[in-house]
Every structure is written in C-alpha cells, then in structure tokens.
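Everything in the sequence shown is counted per UniProt numbering, starting at 1 for the first residue and increasing by one. In what follows, a single structure is set out as structure tokens and then discussed.
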Amino acid sequence: MTQQDLFIIDSLEKLKIISDPLRTKILMNLIKKEYTGQQLAELLQIPKTKIYFHLKELEKHGIIEIVKEEEKNGIMQKFYRSIARRFIPSDDLLPSHELIETSRQVFLETVLTTRNEIEQAPPETFQLSANNQEIRKNIASTYHFHATEADFTSFLMEFKELYKKHFKGSEQTPGPDAKPYMMTLIAFQRQDSSPSVFGKEEEGS
Numbered sequence: 001m002t003q004q005d006l007f008i009i010d011s012l013e014k015l016k017i018i019s020d021p022l023r024t025k026i027l028m029n030l031i032k033k034e035y036t037g038q039q040l041a042e043l044l045q046i047p048k049t050k051i052y053f054h055l056k057e058l059e060k061h062g063i064i065e066i067v068k069e070e071e072k073n074g075i076m077q078k079f080y081r082s083i084a085r086r087f088i089p090s091d092d093l094l095p096s097h098e099l100i101e102t103s104r105q106v107f108l109e110t111v112l113t114t115r116n117e118i119e120q121a122p123p124e125t126f127q128l129s130a131n132n133q134e135i136r137k138n139i140a141s142t143y144h145f146h147a148t149e150a151d152f153t154s155f156l157m158e159f160k161e162l163y164k165k166h167f168k169g170s171e172q173t174p175g176p177d178a179k180p181y182m183m184t185l186i187a188f189q190r191q192d193s194s195p196s197v198f199g200k201e202e203e204g205s
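Okay, here's the thing in structure tokens:
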C-alpha cells in the first residue's frame, strides 16, 4: 500500500484523536516505518494493552492502516503504518489549541529521537583529525536569521530538492561503500531576536 504524502484532517473528532501525546508518538513512528503493536510497546516502553487501545482508535478514524499480517509462533501479527507522511487540518478547524500543542510535541519528539541517535552513534562518528581539516564527518549547526514567510518556504523547498538530488535515490539500494547517516532539520519562528546559549551562529565539526 502506498503511503500518501498529505492527509487533510477534516473533522474535530479526528483532530482530537491525533492530538493525544501518546498517539502523536505512535504516529511519528508509524510515519517512518511499519510496526506491530508488540514492537511499538517495546520501542516506547509502554504496556501492550495501552498501545493496542490507541492503535484501534487511530485505525478506526482512518489515521493508520494494517499493511500486512504475518504468523509467528501461531499468533497472527498485524503491521500498522501511517496512511500519510504529513497531517494538516482543514481551514475550518483553525485555529486549534490542540493541534498547536500536538505540533509542538512533534518537534520535541524529533529532538529526543535525535539525541538518542547521538548517544548510540559509534565513537568514530565524533573522532576529529587534524590531517583532514577540509573533510567534514558530521555537522552540528544553529542559525538565527530573519526572513519573510515566502523566503523561508522557498528555502525549505530548495532543501528538499537538494536532499533528493544527493541522497533520495540511494535509500533503497545503497552502494557497498555507503554508510548510514542521520540528518535532522528543525526550523521554526522564534519568540525574539536574542541569541541562544550557543550564540548567534554556531557550527560543529
């Protein structure tokens, strides 16, 4: 089954279903790949009964779907997947406090996921070498800037095209020398123009 790029939330009921913090976590994982209820319970360290309750609610409202079933040790396992990669409410549901907090939660979960990946990354990921000053093994950067909404949107579109140009084609069939990388992009409008703890602009190795 092909995952949609975009799903429009067309009812307040669906909006409330998707706004639950735990369902947000479940949905974020199911956007990335398919999981069984057991796998999600282990991944999120939450009791299976609770996970299955939320999966049924999400499935009932058409937010997720069963993409395949496999038998294991005499038990039929159902694999769930989000029906879309992005979820946006219809205009008549805006503004919505529930959706604002759900969106904020998605950003926080993205930060936590990235932190976990950093903590589990191999030591050589962060090993620096004075002999290869021009070669960058990784990057940790924070940028503060001012932009119009149109300019910011244009940048995001160009970034997506740049990603597709360099890496999208290698997702399914990586070459023998390819190594797994992770890149997290988080960008949002800030409260004010004061610099963060790390300064106005900082770049890592």
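Backbone N, C-alpha and C define an ideal beta-carbon position, used for all residues, glycine too.
Is the beta carbon of Ile66 less than 8 Å from the beta carbon of Tyr52? Not a contact, by the Cβ cut-off of 8 Å.
Out of His166, Lys72, Ser141 and Leu6, which one is the CA nearest neighbour of Phe87? It is Leu6.
Helix, strand or coil at Leu6 according to DSSP, with G and I counted as helix: Three-state result, Leu6: strand.
Which partner residues does Met76 have in the DSSP bridge list? According to DSSP, residue pairing for Met76 in a beta bridge involves Glu71.
Can you tell me where the beta strand (DSSP E) with Arg86 in it begins and where it stops? Per DSSP, Arg86 belongs to the beta strand (DSSP E) from Ala84 to Pro89.
Beta-carbon spacing of Leu15, Ser129 below 8 Å: The answer is no: Cβ separation not under 8 Å.
Could you give the distance in angstroms between the alpha-carbon of Lys33 and the alpha-carbon of Ile64? Put simply, the backbone Cα of Lys33 is about 12 Å away from that of Ile64.
Simplified DSSP state of Ile64, which is helix, strand or coil: Ile64: strand per DSSP, three-state reduction.
Does Thr110 come out as helix, strand or coil in the three-state DSSP assignment? Thr110 sits in a helix when the DSSP states are folded into three classes.
Given a cut-off of 8 Å on the beta-carbon distance, is the pair Ser90 and Ile9 in contact? Yes. Within cutoff.
With 16 other CB atoms within 10 Å as the buried threshold, where does residue 222 fall? Past the edges of the chain, shown from 1 to 205, lies residue 222, and the structure says nothing about it.
What does the Cβ neighbour count give for Leu58, buried or exposed, with the cut at 16 atoms within 10 Å? Answer is buried; the Cβ neighbour count reaches 16.
Determine the direct distance from the alpha carbon of Ile31 to that of Lys25, and round the result to whole angstroms. When rounded, the distance between both Cα atoms is 10 Å.
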